[in-house]
Amino acid sequence: MSEGAAKKEEKPRKFQAIRGTRDLLPPETALWNRVEQTAHEVFETFGFGQIRPPIFEQTELFARAVGGETDIVSKEMYTFTNPTSLAAMVREGRTEGMLSDTLLSEAEMISLRPEATASVCRAFIEHNMQQLPQPVKLYYMGPMFRRERPQKGRYRQFYQIGAEVLEVVRREAAEHDWEKEVRKDAAIDAEVIEMLMTFFAKLELAGTTLYINSIGHSGPDCRSVYMGKLYNELLKIKGKLGADSQRRIATNPLRILDSKLESEQSYIEKLPRITDYLCTGCAAHYAALKRQLEMRGVIYRENWRLVRGLDYYMRTTFEITAQGLGSQNAVCGGGRYDGLVELLGGPPTKGIGFAIGEDRLILSLQESGKAPVQQGRDVYIAWMGERAQATAIRAAKDLRKAGFSVELPPVEQKFGKALGHADKLGAKYALILGDNEVSEGLWTLKTLANGSQAKFTEPDLLEHLKKHL
RNA sequence: GUGGGAGUAGCUCAGCUGGUAGAGCGUCGGUCUGUGGCACCGAAUGUCGCGGGUUCAAUCCCCGUCUCCCACCCCA
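Residue numbers (our numbering): 12 to 480.
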């Protein structure tokens, strides 16, 4: 925003949150905390440990993991030169005669993370986690950054809760009995999905639907066969497709499958389906996954048009939609990504993971009326007089120590006013401390809901509250 | 990044074809100097998103810009 020339006296400029970012405030933050607390609890019951990777990494990590050609990497990342790297170049005298363009291209670039799977894989490698008991099960939660046009359920700083299961490939085991390996992988996939559904169920998220698919693997006898077939069929119906889809025939034919354009639907429905072209291994894996989900009582729907946008996915892909989200109705997406760790310089490793859009999850909970109401205080202390203040301070300390939420007004107020304030704050009880109470040693406790009140000695009061709150 | 809609008090909004702003809710105070929710009375708060233009005069018309919302692209 350009500030006009300094004319007359100017008020200090008002700041506002940067586009696509926002403040999360009470009482909404209580819901965020509940969601995150539930995630901690549920994920830990499945044996997952929390990882907290940094919020920025070398740009190259994301470029390699997510795919340099993807929209996320090519135009949606917050990328900047690492100032430390520039400084080092200067110190080492390497900048002699360099044009500024060269200088920038030589300097290390870093990016705010657009997702966290790449970081988790990097950490797996960096900390030699292949030496831990396998598989390694990690979860994370925190902000991600993508420079997209904001809309409902999509922000430039948004929050994800995700989990990854990584397992280093034991060559002997794989060669000994590949079918067993496939069954094991499918069971892990299913358990990850089961964990998700357990989490959503615990939150009472309304109208969730789980969609699954298999997109095969990149070998010559699997997805590439399908891609050739799909490409031929797409050429035949090219004239019927919209401009976007026509362009994608060359750039990313798979993406045409999840086009939302009404006029294309009848043609897309007739296109070949990847599940008919899976190789033996991928087909066995997909069949085993469905069996595993059924054994776990997880309801799913197959969606052959579900393809994931990130380069690293193979075999299992899945997505969960929920109510009340407008066009951004996916609350969670995930899939298998064997080979990604190796691509990042680690040992051959299998992986499966998901990311939940926490903003969307919260939105859906709010839309379905699951949001908690304003958090009130347990006890409001209405006090009058100097002696009473000392008592009030002591009472507040003891009540808080016992775990109650206490509001202690900083100045004395008439009791009428104090009770009014207590009411507005949603307090359950008012502890009334005036001259009478202090001299008698009997404190008055008023139940705001029905107006009843009674006198208690200091220890009795604590007992009473513990019993009734 | 593309297209459409909208920005007026803390919130939700009104403001007739241009004459520099109002309601409800909320907040605060009073009726009510040891007892809240109700009621009544009263008060504060707006550079009418920001900048420029047209005009004697702009919240209203025009242009630009920022932000939000909706959809596309893409994704969580």
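The beta carbon of each residue, even a glycine, is placed where N, CA and C say it ideally should be. The structure displayed is predicted, hence computed values, not measured ones.
Boundaries for residue 90: no alpha helix (DSSP H) harbours it, while the beta strand (DSSP E) harbouring it runs 90-92, taken from the DSSP string. For residue 366, the uninterrupted beta strand (DSSP E) segment begins and ends at 360-368.
Residues of the same chain with a CB within less than 6 Å of the CB of residue 346, apart from the 5 flanking positions on each side, are 319, 324, 327 and 328 in chain order. For residue 454, the number of other beta carbons within 10 angstroms of its own is at least 16, and it is reported as buried. Per DSSP, the continuous alpha helix (DSSP H) segment holding residue 56 begins and ends at 39-56. Your pair residue 415 and residue 390 checks out as a contact, with CB atoms roughly 6 Å apart and the cut at 8 Å. Put simply, the backbone Cα of residue 480 is about 60 Å away from that of residue 118. Rounded to whole angstroms, the gap between the alpha carbons of residue 43 and residue 373 is 7 Å.
Residue burial is scored here from C-beta neighbours: residue 75 has at least 16 other C-beta atoms within 10 angstroms and is therefore classed as buried. Straight across, the Cα-Cα distance linking residue 197 with residue 240 is about 27 Å. When the alpha-carbon of residue 204 is set against those of 41, 99, 35 and 312, the nearest one is in 312. Straight through space, the alpha carbons of residue 39 and residue 404 are spaced by roughly 30 Å.
The alpha helix (DSSP H) runs lying completely inside the region 412-469 and spanning 4 residues or more are 426-435 and 446-451, given in chain order. Taking C-beta atoms under 8 Å as the contact rule, residue 222 and residue 330 qualify, at a distance of about 5 Å. Taking 8 Å as the cut-off, the Cβ atoms of residue 67 and residue 129 do not count as close.
With a beta-carbon spacing of about 11 Å, residue 442 and residue 430 fall beyond the 8 Å limit used to define contacts. C-alpha of residue 380 to C-alpha of residue 206: approximately 24 Å in a straight line. Below 8 Å, too few C-beta pairs join the region 160-179 and the region 257-268 to call them touching: fewer than three. Here the alpha carbon of residue 451 sits roughly 14 Å from the alpha carbon of residue 470. Using a Cβ-Cβ distance cut-off of 8 Å, the region 91-110 and the region 141-154 are not in contact, since fewer than three pairs of beta carbons, one from each stretch, lie closer than that value. In the three-state DSSP reduction, residue 311 falls in the coil class, being neither helix nor strand. Spanning the alpha carbons of residue 310 and residue 333 requires a straight line of approximately 14 Å. For residue 85, the enclosing alpha helix (DSSP H) covers residues 82-86.
Sorting 89, 216 and 29 by C-alpha distance to the C-alpha of residue 377 places 216 at the top.
Counted as a single uninterrupted DSSP element, the beta strand (DSSP E) harbouring residue 155 occupies residues 147-156.
Sorting 252, 301 and 369 by C-alpha distance to the C-alpha of residue 271 places 252 at the top.
Looking at the backbone, the Cα of residue 388 and that of residue 438 are separated by about 4 Å.
Taking residue 444 as the centre and dropping the five residues before and after it, the same chain places the C-beta of 392, 393, 394, 395, 399, 402, 403, 406, 454 and 455 closer than 8 Å to its C-beta, in chain order.
Residue state for residue 340 is assigned as coil, using DSSP reduced to three classes.
The shortest C-alpha to C-alpha distance from residue 284 to any of 242, 254 and 259 is the one to 242.
When 267, 317, 308 and 472 are compared, the shortest CA-CA separation from residue 286 is found for 317. An exposed status is given to residue 188, since fewer than 16 other beta-carbon atoms sit within 10 Å of its beta-carbon.
At the C-beta level, residue 62 and residue 170 stay beyond 8 Å of one another. Between residue 127 and residue 155, the gap from beta carbon to beta carbon is short of 8 Å. In the DSSP secondary-structure assignment, residue 165 is bridged to 162. Of the candidates 125, 369, 235 and 33, 369 places its Cα closest to the Cα of residue 47.
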